[in-house]
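Engineer: I have a structure here, written as structure tokens, and I will follow up with some questions on it.
Residue numbers (the numbering used here): 9 to 313.
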């Protein structure tokens with residue numbers, strides 16, 4: 009019995025010394041061989057947002073909630089008769105590949121932009137147009153936006169397909185939003201509201217700053233107009249100064265109950281759960297593209313120096 013007790017204590021002592029020695033060596037290796045993060049890697053980790061792991065232990069990537077306003081073209085057409093899950097997924101892959109070639113910055117209706125497209129008939133083989141975005145729409149590869157400018161006292165509008173292969177560069181010269189989602193009433197407004205110099209320089213904007221909302225009220229020319237603007241609830245237009253009979257007719261054709269029609273809103277939008285899944289897939293790809301652009305820009309500045 010005494011011999012068995014002595015052997016047991018001897019084995020316990022050996023085990024304790026072994027574990028202590030291994031613990032010290034592991035701590036030394038973790039301290040000496042710890043990798044050093046670069047600034048780009050730290051930025052990439054700080055930008056990514058993740059939820060805690062689910063029951064299987066996998067982390068769930070969550071896109072910022074403002075993505076649905078920044079990139080509405082990634083949401084599919086809400087019309088059920090046009091939905092095709094496989095087609096939508098393949099289109100998103102093509103859109104992300106196009107964005108890896110040409111950077112498409114964040115913009116909204118009311119932002120002043122410059123678009124450069126390939127033009128075989130131009131002496132420089134490309135054409136650049138500057139204007140204010142008066143409307144954007146479409147989904148998937150059919151996304152589009154309209155730029156308007158007044159050139160030589162003549163209003164000029166160009167509709168661009170966002171993922172057209174002819175587009176070489178898209179610049180946002182002034183990032184801002186307006187009070188209305190559509191600025192088609194600029195067609196009936198005074199020319200100074202749609203006039204921008206073709207050599208306009210981009211305005212500097214602080215990173216991660218809130219997109220400003222321009223509270224400008226536009227003054228329209230006298231009637232006749234292209235549309236009956238008094239029948240639309242426009243926030244960015246001055247008082248129209250029309251006779252009362254025009255407002256009476258507008259009240260008769262108004263549909264104030266539509267804002268309470270839940271089924272109408274459901275048919276015109278994509279459910280929030282589906283939006284989260286779509287933007288979670290897109291978020292990681294856009295983040296990797298931005299990380300690669302930062303590396304290319306840094307290498308370019310280093311080569312110049």
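From the three backbone atoms N, C-alpha and C, an ideal C-beta is built for every residue, glycine too.
These numbers come from a predicted model, not from an experiment.
1) Let me check understanding here. Comparing Cα to Cα, which of 177, 187, 295 and 74 lies closest to residue 243?
2) I'd like to check one pair, residue 70 with residue 291: are the Cβ atoms closer than 9 Å?
3) Which residues in the same chain as residue 154 place their Cβ atom closer than 8 Å to its Cβ, once the five residues preceding and following it in sequence are excluded?
4) Taking 8 Å as the threshold, find out whether the stretch 130-139 comes into contact with the stretch 83-93 through three or more Cβ pairs.
5) Please tell me whether residue 201 has its Cβ less than 9 Å away from any Cβ of chain B.
6) Comparing C-alpha positions only, which one of 295, 77 and 109 sits nearest to residue 172?
7) Roughly how many whole angstroms lie between the Cα atoms of residue 202 and residue 235?
8) Cβ atoms of residue 120 and residue 158: under 9 Å apart, would you say?
9) Quick check on residue 112: does DSSP put it in helix, strand or coil?
10) If we call anything under 9 Å between Cβ atoms a contact, is residue 222 one with residue 184?
11) Going by Cα to Cα distance, which pick from 241, 285 and 177 is closest to residue 267?
12) What would DSSP say about residue 165, mapped onto helix, strand or coil?
13) Which whole-angstrom value describes the C-beta separation of residue 196 and residue 228, a residue pair presumed to lie in contact below a C-beta threshold of 8 Å?
14) Nearest to residue 225 by alpha carbon, out of 263, 198 and 208?
15) Can you look up residue 309 in the DSSP assignment and give me helix, strand or coil?
16) Ordered along the chain, which non-local residues of its own chain (more than five positions away) have a Cβ less than 8 Å from that of residue 284?
17) Looking only at C-alpha atoms, which of 92, 156 and 250 sits nearest to residue 205?
18) Since residue 121 is in the beta strand (DSSP E), which residue starts that stretch and which ends it?
19) Suppose you measure from the CA of residue 99 to the CA of residue 190; what does that come to, to the nearest Å?
20) Look at the Cβ atom of residue 122, then the Cβ atom of residue 175, and state whether they are nearer than 9 Å.
21) At 3 residues or longer, and completely inside the stretch 133-160: list those beta strand (DSSP E) runs for me, N to C.
22) Is it buried or exposed for residue 170, if we count other Cβ within 10 angstroms and need 16 for buried?
23) In angstroms with no decimal places, state the Cα-to-Cα distance between residue 298 and residue 270.
24) May I have a chain-ordered list of the alpha helix (DSSP H) segments no shorter than 4 residues that lie completely inside the stretch 64-108?
25) Cα separation between residue 263 and residue 286?
26) With distances taken from CA atoms, which of 150, 295 and 210 is nearest residue 95?
27) Around the C-beta of residue 103, are 16 or more other C-beta atoms found within 10 angstroms, so that it is buried, or is it exposed?
28) Would you kindly work out how many angstroms separate the C-alpha atoms of residue 260 and residue 248, rounded to a whole number?
Structural biologist: If we stick to the structure as given:
1) 187
2) yes
3) 141, 142, 143, 144, 165, 166, 167 and 168
4) no
5) Note that chain B does not occur in the displayed structure, where there is just one protein chain.
6) 109
7) 18 Å
8) no
9) coil
10) yes
11) 241
12) strand
13) 5 Å
14) 198
15) helix
16) 70 and 71
17) 156
18) 120-126
19) 26 Å
20) no
21) 134-145 and 152-159
22) buried
23) 38 Å
24) 75-78
25) 33 Å
26) 150
27) buried
28) 18 Å
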